[in-house]
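Residue numbers (the working numbering): -18 to 244.
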Amino acid sequence: MTRSGWPSRNPGHERPVVVRAGGFVALQFDETGVQSCMLAHEPYALALGYTRTMMGFLLFQPNPRRISIVGLGGGSLAKYCYRYVPDAVITAVEINPDVLALRSLFQIPADDERFAVICADGAHYVDSSDHRPDVLLVDGFNAEGVPPQLCSTAFYTACRRQLPDNGLLVANLISSDSGFRRCVCSIRAVFDDAVVVVPAEDSPENVIVFAWKAPAASLPLDESLARARVLETMHPLNLRETAIRIEYGKRIDWEERTACPRT
């Protein structure tokens, strides 16, 4: 295993550390938490299960025209969408310049007519941008977890405002994070009942939240499975498993688990 890191040149941002081991290249901010992971021999594959669960948005938006991503990290979601969702214009926002400096190491494509990476605060970008993504992926973390500005009612209100009527928010959260309850409750307060909280693939802690701007936009399981079978001919993903996970998430009483105040 090799580990490389360097002092941050940017005050207020954590120093990224790159770890190479067993055919993987990982991005970390500390000794324990893996922020992103890439297969060295297959850089466009989704190595971490939570990213594969987040791609469950394809069940509801199989051909999005615009995708926005808050939190680039090692670029797993951005690279996958660039290759396998070829009709989408993709914008990824990353706050940490030291993470962006690793762009070539993680083989993230150069900007072109349908792909752009922006160095900015994701919360400010969502609040001020005039982009109208069909899908908004939120996967922003620092060494402590989800930053407070990406876990507030104000942020999720801005997310909902930016989405078109058929738009979808997909957020990655950590159930052991001290801010987990606040994030889930903030999403529920903004999106009301159009929210499903889903345990991620291959992870006891990652939880993926799907939130629709339109009420009751989720699908019955039989329809989700039928769509998954078609999509699996175009995507190297087990979307049928993801459909079942989403159905399971519908049946978990997350309101009771998180004790969100009723609105």
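Ideal Cβ placement from N, Cα and C applies to all residues, glycine included. Every value quoted in this text rests on a predicted model; they were computed, and no experiment measured them.
Residue i and residue j closer than 8 Å at C-beta
i, j, result
"alanine 101", "isoleucine 76", "yes"
"leucine 220", "leucine 39", "yes"
"glutamate 228", "arginine 33", "no"
"isoleucine 155", "asparagine 123", "no"
"serine 167", "threonine 134", "yes"
Same chain, Cβ closer than 6 Å to residue i, five either side skipped, listed in chain order
i, result
"glycine 55", "Leu8, Ser17, Met19 and Phe87"
"phenylalanine 191", "Val151 and Val177"
"phenylalanine 5", "Cys18"
"valine 119", "Val51 and Ala152"
"valine 165", "Thr239"
"serine -11", "Confidence at serine -11 is low in this model, with a pLDDT of 45, below 50, so its placement is unreliable and no value can be given for it."
"arginine 113", "Pro145"
"glutamate 213", "Leu220"
"tryptophan 193", "Leu149 and Ala175"
"proline 24", "Gln88"
"aspartate 245", "Beyond the ends of the chain as shown, which are -18 and 244, falls residue 245; an answer cannot be given."
"alanine 26", "Leu20"
Residue i versus residue j - alpha carbon distance
i, j, result
"valine 51", "methionine 215", "25 Å"
"alanine 209", "glutamate 94", "29 Å"
"arginine 46", "phenylalanine 96", "12 Å"
"lysine 60", "isoleucine 89", "6 Å"
"serine 57", "lysine 231", "27 Å"
"alanine 73", "serine 49", "6 Å"
"alanine 104", "arginine 163", "16 Å"
"arginine 169", "proline 217", "31 Å"
"arginine 1", "valine 15", "12 Å"
"alanine 69", "proline 145", "15 Å"
"aspartate 174", "proline 128", "25 Å"
"glutamate 143", "glutamate 204", "The question names glutamate, but residue 143 is glutamine in the sequence shown. Each residue's Cα considered, the two are about 27 Å apart."
"aspartate 234", "alanine 139", "26 Å"
"cysteine 241", "phenylalanine 161", "11 Å"
"aspartate 111", "arginine 64", "25 Å"
"valine 211", "cysteine 132", "34 Å"
"leucine 81", "leucine 53", "8 Å"
"alanine 198", "valine 66", "21 Å"
"glycine 3", "asparagine 44", "35 Å"
Limits of the beta strand (DSSP E) - the one that residue i falls within
i, result
"methionine 19", "15 to 20"
"leucine 118", "116 to 119"
"cysteine 100", "96 to 100"
"proline 180", "176 to 180"
"phenylalanine 191", "187 to 193"
"arginine 1", "-2 to 2"
"phenylalanine 5", "5 to 9"
Contact set for residue i: own chain, Cβ-Cβ below 8 Å, skip 5 residues either direction
i, result
"glutamate 222", "Glu182"
"serine 37", "The sequence shown places glycine at residue 37, not serine. The answer, listed in chain order, is Val151, Val179, Ile189, Phe191, Leu220, Thr223, Ala224, Arg226 and Ile227."
"isoleucine 99", "Thr72, Ala73, Val74, Glu75 and Tyr106"
"phenylalanine 136", "Ala104, Val107, Asp108, Gln130 and Ser167"
"serine 85", "none"
Terminal residues of the alpha helix (DSSP H) in which residue i lies
i, result
"leucine 81", "78 to 81"
"threonine 214", "No alpha helix (DSSP H) contains threonine 214, which DSSP labels as neither H nor E."
"isoleucine 233", "Note, isoleucine 233: premise wrong, no alpha helix (DSSP H); not H, not E."
"isoleucine 50", "Per DSSP, isoleucine 50 belongs to no alpha helix (DSSP H); it is in the beta strand (DSSP E), 47 to 51."
"alanine 170", "161 to 172"
Own chain partners of residue i with C-beta closer than 7 Å, once the 5 adjacent residues on each side are dropped
i, result
"glycine 250", "Lying before the first or after the last residue shown, residue 250 is absent from the chain, which here runs from -18 to 244."
"cysteine 62", "Ile48, Ala69 and Ile71"
Anticipated Cβ contact below 8 Å, residue i with residue j, distance rounded
i, j, result
"arginine 141", "valine 116", "Actually they do not touch by this definition, with Cβ atoms about 13 Å apart."
"aspartate 158", "glycine 126", "4 Å"
"leucine 83", "valine -1", "7 Å"
"leucine 149", "glutamine 42", "6 Å"
"asparagine 147", "alanine 207", "Not confirmed; about 19 Å, so no contact."
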